[in-house]
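Structure record follows, encoded as structure tokens.
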Amino acid sequence: MRETNEQCTRRPPLLGNFLKKTIIFIVCFVVISTVAFHNAVQAAQKTTQVNSLPLTKYVNVASGSLNLRKSASINSVIITRLKNGTSVKVCQEANGWAKIEVNGKQGFVRSSFLIAKKKVTGKPAKTPKKPKTVTKYVNVNLGSSLNMRKSASTTASVLLKLARGVQVTVYSEAKGWAKIGAYGKTGYVSSDFLSATKPASGTNTGSGSAPSTNNGAGQNNSQTDIKYVDVEYGASLRMRAQASTNAEIITQLARGTMVTVISEKDGWAKVTANGKTGYVSSQFLSKTAPFNPNTTSGNIEKVYENYNISLSEMLKLEIASHPQTDKKYDTFLQADALTLTNPESGTVNGTGWNVKGGAGPDYWNVGQVKDKETFKILATVKGKDDKDWYKVTYNKTWVNASPEDIAYYLNPNNFLGTTANSLQFLKLSVTTNLNANEVNQRVLSGKGVLQGTAATFISAGEKYGVNEMYLISHALLETNNGKSELAKGIKVNGKTVYNMYGVGAYDADAITAVLNLLIMPAGLHQKRRLLAEHNLSLTAILMPDRTRFTK
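So in our numbering, spot 186 of the sequence shown is number 197, and the numbers just go up one at a time.
Rendered as structure tokens:
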């Protein structure tokens, strides 16, 4: 600054006077401008205050819905979800968030998803013209039927068998196949066996001559029957080359697969399914299609509940409980933990060492090791702590799950694609108002002592606040579908007792394990016995006409 003043003093007097006047003018202008700017700001503030009164805006999202949150944070509790186009009253906006009021509720949404004018949708799209259809009739030989298949192929699965004279709607025809509709289903049949007029009921007419042997789309003259594979959900039925459990397996049929039964003898059925012919066990075939939990009618009511906890907070709670998995991880031990017996193995030095899920102390504990325990060394790596770590073989069936796996299985969004997977997030403290007759027919039919007990499960769920389908599922699992000895009842000290939930039972010898639990001497393992009795009270709930476990 001093250098600048010195330069100014060297200027000619005339220029100096001019500069002084200019500086005075500029200062005056600044003062005047400042006052004007202040007045403008006050006017702008007044304008803002006027415009800050509640405004009407509209939700603008491309898909899905907009979360209305309790506070201006993406981690805040979701109060409700707003559909696209919803009208809201904006009270204030700041830092990318808008405080709004809608349907009597107040909360916060992201400002970027609100617009001042509601989008006007274009003219409604013209309803596409329905393709021209033709009515035709199935024209096969008397006493035979026509296969309606899933696709235009003789190897495609059979959807329906159509009798002679059945009226069908033909949508299109190409390459000897007709796409048709019949009995509410759409499929493909051979065009050769359709006619424009309904065939006479007493004679063979038109194109109903017998098809060639390789035309699987054609009529079926043999006495066959349609049945369905009825195995446990998730299992499959083996189709074999011969009627023997030692015969070659041709294919495996999923639950619900429709099969054509050619013949049955000695507990075996000769069937055709998915273009293959072979033998299956007759006991796993049923006249009606079994219930498939991944197939719904689309009218299921789903109720979602939000909790005042973030996924990251929930993850911390879960990690603290040490959830287990049988997944195999790469496992590591700090080099100091092992004394090498040879270049490929070593023994543990002392206690307190943890097997880690990575080369470094900050990785999660997969499990613990014991003093003098021997480990096979797979590799030596430099850890994140700049120390040597051994990659080792950790032969434990159950280990602590990784934080990444825990987070994945905690997030419902990863499992909502299928009904069965989504049920792991079912709220078990809420009943579902099931229909007892439907449960007896579709779930408990043929399930041993549990058959016909739906009303008891439903009553128990309502009385004790437990989801009745969970109670049913647990009982089916632990009693081998109501057929185990513990489900039928065993004698203990002259009294018949039942165990519907496998409490105290182990697969190796369930009966002995339970008997040891029941006849335990007084004073020993009291806590365990009390806990067992508490859990076993569910037996009394579900089987009120039978005696529950006693000492």
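Don't be surprised by glycine CBs; every beta carbon is placed ideally from N, CA and C.
The model shown is predicted, which means the values in this text are computed figures rather than measured ones.
Item	Value
Burial state of T408 (16 or more Cβ within 10 Å)	exposed
In chain order, each beta strand (DSSP E) run of at least 3 residues that lies wholly inside the region 386-451	399-403
Strand pairing of A109, partner residues [DSSP]	E104, V120
For A471, the first and last residue of its enclosing beta strand (DSSP E)	Per DSSP, A471 belongs to no beta strand (DSSP E); it is in the alpha helix (DSSP H), 465-475.
Environment of D347 [buried if 16+ CB atoms lie within 10 Å]	exposed
Whether T146 touches V179 by CB criterion (9 Å)	yes
Option in S183, V113, N424 with minimal Cα separation from P65	V113
Own chain, CB closer than 7 Å to P532, minus 5 neighbours either side, in chain order	Low per-residue confidence applies at P532: pLDDT is 45, beneath 50, and the placement is therefore not dependable enough to give any value.
Span of the alpha helix (DSSP H), counted from its first residue to its last, around M325	322-331
Distance, K143 Cα to N225 Cα	Confidence at N225 is low in this model, with a pLDDT of 38, below 50, so the placement of that residue should be treated as unreliable; the coordinate-derived value is given next. Distance between the alpha carbons of N225 and K143: 31 Å.
Cα-Cα separation between T271 and S484, rounded to whole angstroms	31 Å
Collapsed DSSP secondary structure at G459 in the structure displayed	helix
Own chain, CB closer than 6 Å to K494, minus 5 neighbours either side, in chain order	G459
Closest Cα partner of G278 within the set G286, V291, N285	V291
DSSP state of A246 mapped onto helix, strand, coil	coil
Residue environment, T565, which counts as buried when at least 16 other CB atoms sit within 10 Å	Lying before the first or after the last residue shown, residue 565 is absent from the chain, which here runs from 12 to 562.
Y419 versus K94 - alpha carbon distance	28 Å
A254 versus G192, R266, E275, residue with shortest Cα-Cα distance	E275
Assumed close pair L344, V282 - CB separation to whole angstroms, cut-off 8 Å	Wrong, their Cβ atoms sit about 55 Å apart, outside the cutoff.
8 Å contact criterion, which S642 and T385 should meet: CB distance rounded	The chain is shown only over 12 to 562; residue 642 falls outside these bounds and no answer can be derived.
Residues that DSSP places opposite R80 in a beta bridge	I89, F119
Exposure of P334, with buried meaning 16 or more beta-carbon neighbours within 10 Å	exposed
The region 161-175 contacting the region 184-194, beta-carbon criterion three pairs below 8 Å	yes
Three-state secondary structure (DSSP) of K499	helix
CB of M325 within 9 Å of CB of L421, strictly	yes
Beta-carbon spacing of A498, T507 below 9 Å	no
Cα-Cα separation between V380 and G476, rounded to whole angstroms	42 Å
Span separating the alpha-carbon of S122 from that of T91	16 Å
Alpha-carbon spacing of T350 relative to P372, whole angstroms	19 Å
Given G378 as reference, the closest of W400, G361, N406 once Cα atoms are compared	N406
The region 431-450 in contact with the region 461-469 per 3-pair CB rule at 8 Å	yes
C-alpha gap between L77 and R453, whole angstroms	39 Å
When N257, P354, E243 are compared against A300, the one with the closest alpha-carbon	E243
Per DSSP, cross-strand counterpart(s) of N158	K172
Where K298 falls, given that 16 or more other Cβ within 10 Å makes a residue buried	exposed
Reduced DSSP category for T214 - H, G, I as helix; E, B as strand; rest coil	Low confidence applies to T214: its pLDDT is 49, below 50, so where it sits in the model is not reliable, and the reading given next is rough at best. Coil at T214, not helix or strand.
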